[in-house]
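Since the structure comes first, as structure tokens, the remarks are kept for the end.
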């Protein structure tokens, strides 16, 4: 919104002089207030105002185009028209105050003209457009205006805004403060567009070279706010798109992200913003490790070794390295084999036994639990990926050493998570008793959230240990169950529920293979 006129100082001064001289005692104060309000008139944002702004912008744009065509080699002859065009673009920002008018803005067919200015020879004009688009698509502006937001975003996408934004990004220089701000504004606009239209996440990677630019940005050793934002946008692009994950993998993305996190293998970030960037980079790495082919690239790039080094250094990235290993080793035996070969068992089981480095940041109970759950998942993956041979023997031997202390730890976690799931089950039963309807899937998902999935994985690990037929380990499991007034049937029932609920996510063959393995444990117990 624009203020048409500030208070008229002359009028105000005359009034104050009159009061001080005693000649305004009988003045109608309500009349004066009305006059003062009229002098503070605010421009109403309606269709008429919108058309006025658009018409003025188009006139200035036409003037600038004509001046540049007429005097192409005489910048001083078209400089004034450029200043006027800049002013009009600034005025258009007022439209962010009325997102309900966006469909009318699109209907006036001005979006193509605005977007085309991202190609303007004068970078300052392109920067003006970036600022305008950032303002118009700002999340706070678009709240409660979903339909209008979609109309605007569709128009921007249809008029090649994504292509031109990224194209302009490549000509911006980080050494110039205004251009640095424009880089940030461009990334913010892309994020805003994805927020309104999630399909933009794949569209922008398909139609532009944004992924290449982002990889180049996170390669830079020096930290700055745009490197942080680049890592965040990359994580957003990868988090829900297998297509983008595979595409970045083909662009050597796994190696580039590993190089970026390797900078912190023996040092911690210097600020909270840098910490956030490191978390973003690990988010990117974990997303990349979803497709099978990227797990292979991770192993070839010695990602397993790097994560173990990070764990040994016990820096801030310790927990993130465990998370990345968990993603890499899930349903991928070569990563499990490499982990054993490079002596990762010692490091992982030290953490499993509770020797997790503590800092101010990770003192929270939830962090410790998250690490426990990741390590349980990692050990379950090791058992699932290494089925025979000397590696299997080395894995099993870890549960025998020091008088089976790791079985003690495993059963400690089993009891804790079992109690937690039991409490949640009783709570859910009470909800059903109170006539609040919940279907079976919802109940099962609630139990998973309370810790059932980790409990199931612990039961799977116990199944692997039991099926090794090692008398000392079997005896230890039976003893601990008895001490906690439980029987093997308790583990049997947990495994049966897991068996019955294995999903089809990885295809019918993988589901059948997993169910066969679980059935073997059930029969053995």
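In my numbering, the protein residues as written are -5 to 519. We put the CB at the ideal spot given by N, CA and C, even for glycine. Keep in mind that this is a model prediction, so the values were computed, not measured.
Cβ pair residue i, residue j closer than 8 Å
| i | j | result |
| --- | --- | --- |
| residue 334 | residue 388 | yes |
| residue 422 | residue 410 | no |
| residue 372 | residue 425 | no |
| residue 209 | residue 250 | yes |
| residue 288 | residue 239 | yes |
| residue 187 | residue 147 | yes |
| residue 154 | residue 196 | no |
| residue 394 | residue 323 | no |
| residue 245 | residue 294 | no |
| residue 351 | residue 312 | yes |
| residue 276 | residue 219 | no |
| residue 166 | residue 151 | no |
| residue 374 | residue 455 | yes |
| residue 201 | residue 156 | yes |
| residue 203 | residue 160 | yes |
| residue 126 | residue 119 | no |
| residue 83 | residue 115 | no |
| residue 412 | residue 449 | yes |
| residue 95 | residue 181 | no |
| residue 103 | residue 158 | no |
| residue 476 | residue 519 | no |
Neighbour-count burial assignment, residue i, 16 or more Cβ in a 10 Å radius
| i | result |
| --- | --- |
| residue 140 | exposed |
| residue 128 | buried |
| residue 61 | buried |
| residue 230 | buried |
| residue 497 | exposed |
| residue 444 | buried |
| residue 59 | exposed |
| residue 47 | buried |
| residue 320 | buried |
| residue 385 | buried |
| residue 11 | With a pLDDT of only 43 at residue 11, under the threshold of 50, the placement of this residue in the model should not be trusted; the figure read from the coordinates follows. That one is exposed. |
| residue 408 | buried |
| residue 382 | exposed |
| residue 348 | exposed |
| residue 341 | buried |
| residue 222 | buried |
| residue 169 | exposed |
| residue 366 | buried |
| residue 297 | buried |
| residue 343 | buried |
| residue 318 | buried |
| residue 282 | buried |
| residue 237 | exposed |
| residue 503 | exposed |
Candidates the options, of which the one nearest residue i by Cα
| i | options | result |
| --- | --- | --- |
| residue 215 | 66, 271, 68, 320 | 271 |
| residue 284 | 254, 264, 242, 255 | 242 |
| residue 418 | 442, 403, 345, 45 | 442 |
| residue 98 | 198, 278, 145, 158 | 145 |
| residue 174 | 124, 318, 94 | 124 |
| residue 523 | 244, 307, 346 | There is simply no residue 523 to check, as the chain begins at -5 and stops at 519 in what is shown. |
| residue 451 | 438, 481, 102, 377 | 377 |
| residue 264 | 464, 304, 217, 84 | 217 |
| residue 368 | 280, 380, 115 | 280 |
| residue 507 | 200, 379, 469 | 379 |
| residue 85 | 44, 57, 143 | 44 |
| residue 131 | 115, 184, 80, 495 | 184 |
| residue 306 | 469, 358, 336, 331 | 336 |
| residue 278 | 301, 232, 304 | 232 |
| residue 361 | 519, 310, 503, 339 | 310 |
| residue 301 | 266, 269, 338, 331 | 338 |
| residue 420 | 437, 406, 405 | 437 |
| residue 254 | 213, 475, 268, 282 | 213 |
| residue 163 | 469, 358, 179 | 179 |
| residue 77 | 101, 117, 64 | 117 |
| residue 370 | 391, 415, 405 | 405 |
| residue 391 | 446, 519, 465, 358 | 465 |
| residue 446 | 485, 475, 469 | 485 |
| residue 299 | 308, 519, 269, 332 | 332 |
message = Measuring CB atoms only, is the region 61 to 80 touching the region 90 to 98, in the sense that at least three cross pairs come out at less than 8 Å?
response = no
key: Segment contact flag, the region 104 to 115 with the region 48 to 57, C-beta cutoff 8 Å, min 3 pairs   = yes
ask   = Do three or more CB pairs link the region 451 to 466 to the region 506 to 519 at distances below 8 Å?
value = yes
inquiry  = With a threshold of 8 Å, are at least 3 pairs of Cβ atoms found where one atom belongs to the region 255 to 262 and the other to the region 224 to 236?
reply    = no
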